[in-house]
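Colleague: I am attaching a structure below and will ask some questions about it afterwards.
There are 2 protein chains.
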Amino acid sequence: MQKLKQHKEIITYAVAMAFLLLILRFLEYRFLILQHEFEIYAGIIAILFLLFGIWLSSKIRKPKVETVFIEKEIKIFKNDFIINEKAISTLKISPRELEVLSLMAKGLSNQEIADSLFVSLNTIKTHSSNLLEKLDAKRRTQAIENAKKLQILAPTLE
Amino acid sequence: MQKLKQHKEIITYAVAMAFLLLILRFLEYRFLILQHEFEIYAGIIAILFLLFGIWLSSKIRKPKVETVFIEKEIKIFKNDFIINEKAISTLKISPRELEVLSLMAKGLSNQEIADSLFVSLNTIKTHSSNLLEKLDAKRRTQAIENAKKLQILAPTLE
DNA sequence: TTTTCTCTCATCCTTTCGTATGATTTTAGT
DNA sequence: ACTAAAATCATACGAAAGGATGAGAGAAAA
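Keeping their order, the protein sequence lines are chains S and W. For the first sequence, the residue numbers in the UniProt record's numbering are 1 to 158. For the second sequence, the residue numbers in the UniProt record's numbering are 1 to 158.
Below, the structure is given as structure tokens:
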């Protein structure tokens, strides 16, 4: 059954061919006796097979495949920021330090950070110092820049 | 002459057709006398016109074009950062100040900025002070943050 | 020519930041 | 119970950063 389906086209052509030959036979026995009708008979055959050829051709011919590449632009927003947890753990930055770091990046002073976290200025200074060392920075501005490059901090976007 | 060229194909088909009919005639006079050879004659006509039909079809018919659309994904990273010229002009930030600002954002100290711009530390301090006032900031970290929010500086992306 | 702007540099002073060091307390894991 | 890491706080000093102010040089606009 599957093979029948696979060779469906070939079978179709074969049937069509057989049908044409049958017509041929029919015409042969019908008109052969009448000698003078031969030209008409030949003409019919010619037209018939001409048409058959045209039809066959359209079926047989493989369609030209034209491949068109549609360039689909996929905009990737670099805003889909994912915190680089690995960097944080490898640099051994503690949660509290990270907290301080993010407030630093917002432009707060040590005193302001201390106030908002309800700890002393000295505590923030210690965190700050540790952060600078862990982030290999000499200044807080550099620390912030490095942290953003390492995707430890989200980029500042409007 | 031009018309000849324009109808070149049609003429070709006409000539081919005429040629085939000529063969038909020839075969007619050649084999008609021999009655028993009629089947062969009919077969030849059939094959001939079948082939002619196929050939004709291939010439006449427009080639079947099957268009295959393939979506090609093009990743576009959207860090298409555009400097907010308006903000710069409304805040009256001078080119030199902008230069200092961008170096600041990279984490350089005033001394390092002075060295890289071949000016004195005092000059950079002046620029820095002016920048802080223009950007409504109390600290350089805040100035940088504000500048990035105003799209005066590009965001830090890896 | 005069004015304005930008860039430059300086001085004095204050504030903030950063380093070094030590100590206490809490939390979490062994 | 012991240990290690984290968080807290402190003191003291030195290094940057920031504020206020004045001033000179050069270019461009009025």
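Think of the CB as a built atom: it goes at the ideal place given N, C-alpha and C, for glycine as much as any other residue.
Under 7 Å Cβ to Cβ from SER102(W), same chain only, skipping five residues before and after it: list those, please.
Modeller: These residues qualify, in order along the chain: LEU153.
Colleague: With DSSP collapsed to three states, give me the class of ILE33(W).
Modeller: For ILE33(W), the pLDDT reaches just 48, beneath the cut-off of 50, and the residue's location in the model is therefore unreliable, leaving the point undetermined.
Colleague: Taking the alpha carbon of LYS92(W) as the point to measure from, which residue in PHE49(W), LYS138(W) and GLU133(W) has its own alpha carbon closest?
Modeller: The shortest Cα separation from LYS92(W) among PHE49(W), LYS138(W) and GLU133(W) belongs to GLU133(W).
Colleague: I need the boundaries of the alpha helix (DSSP H) containing LYS125(S), first residue and last residue.
Modeller: Where LYS125(S) is concerned, the enclosing alpha helix (DSSP H) stretches over 121-134.
Colleague: Determine, for THR123(W), whether the minimum Cβ-Cβ distance to residues of chain S falls below 8 Å.
Modeller: It does not: the Cβ of THR123(W) has no partner Cβ on chain S nearer than 8 Å.
Colleague: Can you tell which of ILE70(S), LEU157(S), PHE81(S) and PHE118(S) has the C-alpha that lies nearest to the C-alpha of LEU150(S)?
Modeller: Comparing Cα positions, the closest option is PHE81(S).
Colleague: Tell me which residue opens and which closes the alpha helix (DSSP H) that LEU103(S) is part of.
Modeller: 95-105 is the extent of the alpha helix (DSSP H) around LEU103(S).
Colleague: Measure from the C-beta of ILE33(W) to each C-beta in chain S and report whether the shortest distance is under 8 Å.
Modeller: Unreliable positioning characterises ILE33(W) in this predicted model, as indicated by a pLDDT of 48, which lies under 50. The coordinate reading is nonetheless provided below. No, ILE33(W) lies away from the interface with chain S (no Cβ there is under 8 Å from its Cβ).
Colleague: What three-state label does DSSP hand ILE83(W) in the structure shown?
Modeller: Residue state, collapsed to three classes: coil.
Colleague: Buried or exposed for SER120(W), please, with buried defined as at least 16 other CB atoms from any protein chain shown within 10 angstroms of its CB.
Modeller: Per the 10 Å Cβ criterion, exposed.
Colleague: Which residues in the same chain as PRO95(W) place their Cβ atom closer than 7 Å to its Cβ, once the five residues preceding and following it in sequence are excluded?
Modeller: For PRO95(W), where only same-chain residues beyond five positions count, there are no Cβ hits under 7 Å.
Colleague: Report yes or no: do three or more beta-carbon pairs, one from the region 44-58 of chain S and one from the region 103-117 of chain S, lie closer than 8 Å?
Modeller: No, the region 44-58 of chain S is not in contact with the region 103-117 of chain S.
Colleague: By the three-class DSSP mapping on this structure, what secondary structure does LYS148(S) have?
Modeller: Three-state result, LYS148(S): helix.
Colleague: Could you tell me which of ASN84(W), THR123(W), LYS86(W) and GLU66(W) sits nearest to VAL100(W), measuring between CA atoms?
Modeller: For VAL100(W), the nearest C-alpha among the options comes from THR123(W).
Colleague: Ends of the alpha helix (DSSP H) at SER116(S)?
Modeller: From DSSP, the alpha helix (DSSP H) with SER116(S) extends over 110-117.
Colleague: Could you give the DSSP three-state label for THR67(W): helix, strand or coil?
Modeller: If DSSP states are grouped into helix, strand and coil, THR67(W) belongs with the strands.
Colleague: Should LEU98(W) be flagged as near chain S, meaning a C-beta pair shorter than 8 Å?
Modeller: By this cut-off, LEU98(W) is not an interface position.
Colleague: Please determine, among ALA87(S), HIS127(S) and GLU85(S), the residue with the shortest C-alpha to C-alpha distance to MET104(S).
Modeller: Ranking ALA87(S), HIS127(S) and GLU85(S) by Cα distance to MET104(S) puts HIS127(S) first.
Colleague: Does any residue of chain W have a CB that is nearer than 8 Å to the CB of LYS149(S)?
Modeller: Closer than 8 Å: yes.
Colleague: Kindly list, in the order they appear in chain W, the residues whose Cβ is closer than 8 Å to that of THR126(S).
Modeller: Neighbours of THR126(S) on chain W: none; closest Cβ ~18 Å, over 8 Å.
Colleague: Grab me the residues of ILE33(S)'s own chain with a C-beta within less than 7 Å of its C-beta, minus the 5 sequence neighbours each way, in chain order.
Modeller: Unreliable placement is indicated for ILE33(S), whose pLDDT of 48 sits below 50; no coordinate value is reported for it.
Colleague: Taking the C-alpha atoms as reference points, what is the distance between SER129(S) and ALA143(S)?
Modeller: Between SER129(S) and ALA143(S), the C-alpha separation is close to 10 Å.
Colleague: What is the DSSP secondary structure of ARG139(S), reduced to helix, strand or coil?
Modeller: Note: ARG139(S) maps to coil in three-state DSSP.
Colleague: Could you tell me whether the Cβ atoms of THR156(W) and LYS148(S) are closer together than 8 Å?
Modeller: Result yes, Cβ atoms of THR156(W) and LYS148(S) sit closer than 8 Å.
Colleague: Kindly say whether SER89(W), judged by its beta-carbon, lies nearer than 8 Å to any beta-carbon of chain S.
Modeller: Judged by the 8 Å Cβ criterion, SER89(W) is not in contact with chain S.
Colleague: Pick helix, strand or coil for LEU157(S), following the three-state DSSP scheme.
Modeller: Correct three-state label for LEU157(S): coil.
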